[in-house]
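The structure appears right after this line, and notes come after that.
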Amino acid sequence: MPRILVTTEPADTPDAVVMLSERIATSDIASEHFAAHLVQRIAWALADAESDEHRPIELAQMRWSSSHAHP
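Here the sequence shown stands for residues 108 to 178, where the numbers follow our numbering.
Listed below in structure tokens is the structure:
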């Protein structure tokens with residue numbers, strides 16, 4: 108059965124984090140209700156992956172900014 112995967116691969120680690128792993132049959136998409144919920148789950152997984160990928164960069168930037176702040 109086909110599978111949809113949404114993963115993230117942070118630059119500092121080669122291991123991908125799986126945000127969504129879902130088996131989908133073409134017959135599942137025939138239902139508008141199922142299809143709408145699938146798109147919603149994919150959108151959430153994409154948002155989570157994007158947030159997760161940016162988090163280490165944002166933390167590093169905040170640390171750098173606070174360590175170089177002028178009193």
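Ideal placement from N, C-alpha and C gives every residue a C-beta, glycine not left out.
*asked:* One question on the structure: do A156 and M126 come within less than 8 Å of each other, judged by their Cβ atoms?
replied: Going by C-beta atoms, A156 is nearer than 8 Å to M126.
*Cα separation between L153 and D122?*
Going from the Cα of L153 to the Cα of D122 covers about 17 Å.
*Which first and last residues belong to the beta strand (DSSP E) in which M126 is found?*
For M126, the enclosing beta strand (DSSP E) has its first and last residue at V124 to R130.
*Which word fits T133, buried or exposed, when buried means at least 16 other C-beta atoms lie within 10 angstroms of its C-beta?*
Exposed, because fewer than 16 other Cβ atoms sit within 10 Å of the Cβ of T133.
*What's the call for V113, buried or exposed, on a 16-neighbour Cβ count within 10 Å?*
V113 is buried by the Cβ-count criterion.
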